[in-house]
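Student:
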Amino acid sequence: MGSLRVEPLESLTRDMTKQTLENEYLSVTVDTRGRLVSLVNKQTGTELITNPEAAEAWRMVLPTGRHRIDALLGSQQKPQRIQIERTDRARRLCICYDRLTGRRTWRIRARFLLSVDDGGREISVHVEIENRSGVQIQELEFPIVGGLGGQGRRRQLNLLAAGDRGDFYTDILHKGLPVTGRESNHFVREHETAMFEPGRVGGVWVDLWCRREGLFFGLSANDCDVAIKLEKFPKEVPNAPAHCYPSDTARWVRASGVHAVRLGGRAGGTTHPVVIMPHKGDWHAGADRYAADRHRKLKAAEPPKWMDRFVGWTEILGKTYLGEVFHDYQKCATSVIRDARVTGLDFVFYYGHTRLGSEGADFDHCPDPQLGGRRRFREMVDRLHRKGIRIMLLDHMHRWINRDLSQYRELALSKHAVLDRDGNPSTARWWKETYLSCRRLSGPTPVWVEMCPSSQQWLRYYLTHVKRMIELGVDGLELDTFNPSRCYNPRHDHPRGADMLDRKLQFMRTVRAHAKRLNPDFVLIGETMIPEAREVLDGFYAGRYATERDRIYRYLFPEIRQQTVLVGNYAYDQVNKALSLGIGVDTEIWGLRTTSLAACPELARYIGEINNFKTRHADLLIHGVFRDALGARVTGDCLYSVLAGRGREKAFVLRNPHAHPIKVRASLSGTHGLTLLLWRPFRKERKITASAPLQIRLKPYEAAVVIATGRPAPT
Numbered sequence: 002m003g004s005l006r007v008e009p010l011e012s013l014t015r016d017m018t019k020q021t022l023e024n025e026y027l028s029v030t031v032d033t034r035g036r037l038v039s040l041v042n043k044q045t046g047t048e049l050i051t052n053p054e055a056a057e058a059w060r061m062v063l064p065t066g067r068h069r070i071d072a073l074l075g076s077q078q079k080p081q082r083i084q085i086e087r088t089d090r091a092r093r094l095c096i097c098y099d100r101l102t103g104r105r106t107w108r109i110r111a112r113f114l115l116s117v118d119d120g121g122r123e124i125s126v127h128v129e130i131e132n133r134s135g136v137q138i139q140e141l142e143f144p145i146v147g148g149l150g151g152q153g154r155r156r157q158l159n160l161l162a163a164g165d166r167g168d169f170y171t172d173i174l175h176k177g178l179p180v181t182g183r184e185s186n187h188f189v190r191e192h193e194t195a196m197f198e199p200g201r202v203g204g205v206w207v208d209l210w211c212r213r214e215g216l217f218f219g220l221s222a223n224d225c226d227v228a229i230k231l232e233k234f235p236k237e238v239p240n241a242p243a244h245c246y247p248s249d250t251a252r253w254v255r256a257s258g259v260h261a262v263r264l265g266g267r268a269g270g271t272t273h274p275v276v277i278m279p280h281k282g283d284w285h286a287g288a289d290r291y292a293a294d295r296h297r298k299l300k301a302a303e304p305p306k307w308m309d310r311f312v313g314w315t316e317i318l319g320k321t322y323l324g325e326v327f328h329d330y331q332k333c334a335t336s337v338i339r340d341a342r343v344t345g346l347d348f349v350f351y352y353g354h355t356r357l358g359s360e361g362a363d364f365d366h367c368p369d370p371q372l373g374g375r376r377r378f379r380e381m382v383d384r385l386h387r388k389g390i391r392i393m394l395l396d397h398m399h400r401w402i403n404r405d406l407s408q409y410r411e412l413a414l415s416k417h418a419v420l421d422r423d424g425n426p427s428t429a430r431w432w433k434e435t436y437l438s439c440r441r442l443s444g445p446t447p448v449w450v451e452m453c454p455s456s457q458q459w460l461r462y463y464l465t466h467v468k469r470m471i472e473l474g475v476d477g478l479e480l481d482t483f484n485p486s487r488c489y490n491p492r493h494d495h496p497r498g499a500d501m502l503d504r505k506l507q508f509m510r511t512v513r514a515h516a517k518r519l520n521p522d523f524v525l526i527g528e529t530m531i532p533e534a535r536e537v538l539d540g541f542y543a544g545r546y547a548t549e550r551d552r553i554y555r556y557l558f559p560e561i562r563q564q565t566v567l568v569g570n571y572a573y574d575q576v577n578k579a580l581s582l583g584i585g586v587d588t589e590i591w592g593l594r595t596t597s598l599a600a601c602p603e604l605a606r607y608i609g610e611i612n613n614f615k616t617r618h619a620d621l622l623i624h625g626v627f628r629d630a631l632g633a634r635v636t637g638d639c640l641y642s643v644l645a646g647r648g649r650e651k652a653f654v655l656r657n658p659h660a661h662p663i664k665v666r667a668s669l670s671g672t673h674g675l676t677l678l679l680w681r682p683f684r685k686e687r688k689i690t691a692s693a694p695l696q697i698r699l700k701p702y703e704a705a706v707v708i709a710t711g712r713p714a715p716t
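Residues in the sequence shown are numbered consecutively from 2, following our numbering.
#1: How about PHE541 and GLU528: are their beta carbons less than 8 Å apart?
#2: Count the other C-beta atoms from every protein chain shown that fall within 10 angstroms of the C-beta of PRO496, then say buried if there are 16 or more, exposed otherwise.
#3: What is the rounded straight-line gap between the Cα of ALA302 and the Cα of LEU73?
#4: So, helix, strand or coil for TRP459, using DSSP?
#5: Below 8 Å between beta carbons: does that hold for ARG90 and ASP71?
#6: Between the beta-carbon of THR676 and the beta-carbon of GLY632, is there less than 8 Å?
#7: Do you know how far the Cα of THR335 is from the Cα of ARG342?
#8: Between the region 96 to 106 and the region 62 to 71, are three or more C-beta pairs nearer than 8 Å?
#9: So, with DSSP's three-state summary, where would you put VAL654?
#10: State the start and end residues of the unbroken beta strand (DSSP E) segment that holds TRP284.
#11: Can LEU420 and CYS488 be called in contact, C-beta distance under 8 Å?
#12: What is the DSSP secondary structure of GLN575, reduced to helix, strand or coil?
#13: How many angstroms separate the CA atom of GLY203 from the CA atom of TYR351?
#14: Closest by CA to ARG510, which one among TYR463, LEU264 and LEU414?
#15: Looking only at its own chain, which residues have a Cβ that is under 8 Å from the Cβ of GLU23, when we skip the five neighbours before and after it?
#16: What residue ranges within the region 672 to 698 form continuous beta strand (DSSP E) runs of no fewer than 3 residues, ordered along the chain?
#17: On the criterion of 16 or more Cβ atoms from any shown chain inside 10 Å, does GLU650 qualify as buried, or is it exposed?
#18: Please report the straight-line C-alpha distance between PRO682 and SER642, rounded to a whole angstrom.
#19: Which stretch, first to last residue, makes up the beta strand (DSSP E) that contains GLY148?
#20: Helix, strand or coil, according to DSSP, for ARG201 in the structure here?
#21: Are PHE113 and VAL128 closer than 8 Å when you measure CB to CB?
#22: When you compare the CB positions of CYS639 and ILE611, do they come within less than 8 Å of one another, or not?
#23: Sort out for me which residues DSSP pairs PHE558 with in a bridge.
#24: Residue range of the beta strand (DSSP E) that HIS260 falls in?
#25: Since ARG255 and GLU57 should fall inside the 8 Å C-beta cutoff, what is the C-beta to C-beta distance between them, to a whole number of angstroms?
#26: Residues in the same chain with beta-carbon distance under 6 Å from LEU357, minus the five sequence neighbours each way, listed in chain order, please.
#27: Determine the closest residue to LEU376 out of LEU538, GLY444 and ASP329, with distance taken between C-alpha atoms.
#28: By Cβ distance, which residues of its chain are closer than 7 Å to LEU442, with the 5 residues on each side in sequence left out?
#29: Would you tell me roughly how many angstroms separate the C-alpha atoms of HIS260 and PHE143, rounded to the nearest one?
#30: Checking the sheet assignment: what are the DSSP bridge partners for SER134?
#31: For SER670, does the count of other Cβ atoms within 10 angstroms reach 16, so buried, or fall short, so exposed?
#32: Which first and last residues belong to the alpha helix (DSSP H) in which PHE350 is found?
#33: Go ahead and pull the three-state DSSP assignment for CYS453.
#34: I need the DSSP call for GLY374, collapsed to helix, strand or coil.
#35: Straight-line CA distance for PHE234 to ARG628?
#36: For CYS719 versus GLN81, is the C-beta spacing smaller than 8 Å?
In structure tokens form, the structure reads like this:
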């Protein structure tokens, strides 16, 4: 930043009752009370604050005794001065106070700043505080953008509330705000509230949009105590059969940045910035803003070359934690090889290969003699490899160990355990399908204890374990429940109560380097959705079924494509979902007890048809950039997505998620001069005309793909 100089207010604004900060993209105006009374999106020529009488300035909370607070409201006091400051690259509107007044006058100096870069499309907002009151400032709300009333005849306003993932809510002005579990107390009866908090990484943001414009509101800062609060006036009653507000009743939303500053009575500080960005378009514009900030901090590891054609894996069960055997090593190889000929899935996730079986959290991961022992295990691996099929094993040891094992006592592993606030080991239990274990999580059930990634001794144990797995000939490990807890163990070399995510990533960097030295093609797959983990993992998947909101995550992080969608019994739409998201499948048929070919042969053939087509068009359908619905228009009850390849090449995926047939009209922009090919499973590709919208009838749970390519169409 250049040197700061203050220009006379008169030279920058004509209206002495209001102060305006503007550039070619936006304009923001505050009144003499510091309230934000106007926010103009110059890209569309729209005033976003349709109810300026609802404007607010800021709110500050000071605890003054047991169960007592002083709530200071900016709109109820007059700033000492409001001025515009100019630097070399930006202009700032400063609302300045030397004293703040509530039930009494407090010695708190504060500068509320709204900054706009020259040629920038957003407003960056923060507060500088010097607290000499002797009382802690606990909470601060700023900015507060009130009176957002939507646009159009019916004044609609849609909401996306997100961080790295998110949820959609339509027409919140008439349907009301979502229930987040963080609402204001029940004494607030005239309006609704919803609070959105940041996750462990990334930030929190909302996008409020209607028709062809919107407003991004949020931040992209890690580990900061900032949330977003939405308030909607008037209150809707969700369970009422009908609302009786007159049709012309003003409905509006207020968005606030809530800072948990906890600023002591003899301290100063600056809050994390909050961004306000009016834009053209829908939620994708806000997502682009958030993703740009996230990608400045992300470094993705390079997976091995063999994953360039990754289409998923077959998950199959060896032995359960109850001792039941479904696939010994010989049967596993036979079943997977037979399945791969049809599905094209040349990767198997073998689940439960140890003495304790699946979810046993073994310390010794050696092959179980009941399944065939070490010799049969190596025969299975060699047989799979000869058929071009790779294998990975379930792994808990990166985080958990069963406390009932003899090694837990003999090696005094409790020293390395994560402790909770009360000093007890952090545990997890896996039920054993008995009344006690399923209902009360007690009884004959394995109890896992979490190991702290800060322990160097535990790291050495784990490196030895990885070496043994590679010596067995397997191609990778699936790191179950990857994300660690906070640790309160005072004997460990980290602050008490520290979040262990950074230590876990450091732990896994060492593990990854160790594994890649022994076998560069070895993969580490994790059960997580934290993008930072992509620095140390070759791929991951997210818990159970991917939901429709996962397209938000895919849009934000299109480069993270080594993921899977869980496919259960005859779950055709899950296969289509993986196709439309540009990721692979994880087949879990009848609780992993069989392969898709053995139990669901029609589904197996469908998976194979999809995978064969994806492999033929890998540049688009595997390596393409997920663009969500941008560049496509569809009429009909259909889900769809766009994947962009090199240059102008695109893939347009339609999927029918219903149990009944549907008719669809669809068009794809930017395809003039390209060859368009239409493909549906079990049918040949055929050339289609781009001059008119495509009209297609999709069977129940059927997908169709339009490929736009510069290459000539097949004869």
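No residue lacks a Cβ here, since even glycine has one placed at the ideal position from N, Cα and C.
Note that this is a predicted model, so its numbers are computed, not measured.
Tutor: This is what the structure gives:
#1: Locating residue 541 in the sequence shown gives position 540, counting from the first residue. Locating residue 528 in the sequence shown gives position 527, counting from the first residue. When the beta-carbon positions are compared, PHE541 and GLU528 come within less than 8 Å of each other.
#2: Counting from 1 along the sequence shown, the entry for residue 496 is found at position 495. PRO496 should be labelled exposed.
#3: Stepping through the sequence shown from its first residue, residue 302 is reached at position 301. Stepping through the sequence shown from its first residue, residue 73 is reached at position 72. Distance between the alpha carbons of ALA302 and LEU73 is about 48 Å.
#4: Counted from its first residue, the sequence shown places residue 459 at position 458. Looking at TRP459 - three-state DSSP - the assignment turns out to be helix.
#5: To locate residue 90, count along the sequence shown from 1; it is residue 89. To locate residue 71, count along the sequence shown from 1; it is residue 70. No, Cβ-Cβ distance for ARG90 and ASP71 is not below 8 Å.
#6: For this step, residue 676 is matched to residue 675 along the sequence shown. For this step, residue 632 is matched to residue 631 along the sequence shown. The Cβ atoms of THR676 and GLY632 do not sit closer than 8 Å to each other.
#7: As a first step, residue 342 is located in the sequence shown; it is residue number 341 there, counting from the start. As a first step, residue 335 is located in the sequence shown; it is residue number 334 there, counting from the start. Whole-angstrom Cα-Cα distance: 11 Å.
#8: By the criterion of at least three beta-carbon pairs nearer than 8 Å, the region 96 to 106 is in contact with the region 62 to 71.
#9: On the sequence shown, position 653 is the one that residue 654 refers to. Residue state for VAL654 is assigned as strand, using DSSP reduced to three classes.
#10: By 1-based counting over the sequence shown, the position of residue 284 is 283. Per DSSP, TRP284 lies in no beta strand (DSSP E) segment; the continuous alpha helix (DSSP H) that holds it begins and ends at 284 to 296.
#11: The residue you call residue 420 lines up with position 419 of the sequence shown. The residue you call residue 488 lines up with position 487 of the sequence shown. Taking 8 Å as the Cβ cut-off, LEU420 and CYS488 qualify as a contacting pair.
#12: Taking the sequence shown and counting its residues from 1, one reaches residue 575 at position 574. DSSP places GLN575 within a helical segment (H, G or I) once states are collapsed to three.
#13: On the sequence shown, residue 203 is found 202 positions in, with the first residue counted as 1. On the sequence shown, residue 351 is found 350 positions in, with the first residue counted as 1. Straight-line Cα distance between these residues: approximately 33 Å.
#14: Your numbering for residue 510 matches position 509 in the sequence shown. Selected option, being the one with the closest Cα: TYR463.
#15: Counting from one through the sequence shown, the residue named residue 23 turns up at place 22. VAL29, VAL41, LYS43 and VAL117.
#16: The region 672 to 698 is shown to contain whole beta strand (DSSP E) runs of 3 or more residues at 676 to 680 and 687 to 689, in chain order.
#17: Along the sequence shown, one-based indexing puts residue 650 at 649. Taking a 10 Å sphere around the C-beta of GLU650, we find 16 or more other C-beta atoms and assign the residue as buried.
#18: The residue given as residue 682 occupies position 681 in the sequence shown. The residue given as residue 642 occupies position 641 in the sequence shown. Spanning the two alpha carbons is a distance of roughly 17 Å.
#19: Your numbering for residue 148 matches position 147 in the sequence shown. First-last of the beta strand (DSSP E) with GLY148: 140 to 149.
#20: Looking up residue 201 in the sequence shown gives position 200. Reduced to three states, the DSSP call for ARG201 is coil.
#21: In the sequence shown, counting from the first residue as 1, residue 113 sits at position 112. In the sequence shown, counting from the first residue as 1, residue 128 sits at position 127. In this structure, VAL128 lies closer than 8 Å to PHE113 by Cβ.
#22: In the sequence shown, residue 639 corresponds to position 638, counting from 1. In the sequence shown, residue 611 corresponds to position 610, counting from 1. Their beta carbons are not under 8 Å apart, which means CYS639 does not touch ILE611 by this criterion.
#23: For this step, residue 558 is matched to residue 557 along the sequence shown. DSSP, once it has assigned bridges, lists no residue as partnering PHE558.
#24: Working through the sequence shown from its first residue, we reach residue 260 at position 259. Element bounds for HIS260: 253 to 260.
#25: Mapped onto the sequence shown, residue 255 falls at position 254. Mapped onto the sequence shown, residue 57 falls at position 56. Your pair ARG255 and GLU57 checks out as a contact, with CB atoms roughly 7 Å apart and the cut at 8 Å.
#26: One-based indexing of the sequence shown puts residue 357 at position 356. Cβ neighbours of LEU357 within its own chain (closer than 6 Å, five residues either side excluded): ASP363.
#27: By one-based count along the sequence shown, residue 376 stands at place 375. In the sequence under discussion, the amino acid at residue 376 is Arg, which differs from the Leu named in the question. Answer by Cα proximity: ASP329.
#28: One-based indexing of the sequence shown puts residue 442 at position 441. Once the five neighbours on either side are set aside, the close Cβ partners of LEU442 are ARG430 and TRP432.
#29: For the purposes of this step, residue 260 is taken as residue 259 along the sequence shown, with counting starting at 1. For the purposes of this step, residue 143 is taken as residue 142 along the sequence shown, with counting starting at 1. Straight-line Cα distance between these residues: approximately 8 Å.
#30: Looking up residue 134 in the sequence shown gives position 133. By DSSP's assignment, SER134 forms no beta bridge with any residue.
#31: As a working mapping, residue 670 is identified with position 669 in the sequence shown. Exposed: under 16 other Cβ atoms inside 10 Å.
#32: Position 349 of the sequence shown, counted from the start, is the residue given in the question as residue 350. Segment 348 to 352 is the beta strand (DSSP E) holding PHE350; no alpha helix (DSSP H) there.
#33: Position 452 of the sequence shown holds residue 453. Residue state for CYS453 is assigned as coil, using DSSP reduced to three classes.
#34: As a position in the sequence shown, residue 374 is number 373, starting the count at 1. Three-state result, GLY374: helix.
#35: Counted from its first residue, the sequence shown places residue 234 at position 233. Counted from its first residue, the sequence shown places residue 628 at position 627. Whole-angstrom Cα-Cα distance: 35 Å.
#36: It is not possible to answer for residue 719, since the shown part of the chain is limited to 2 through 716.
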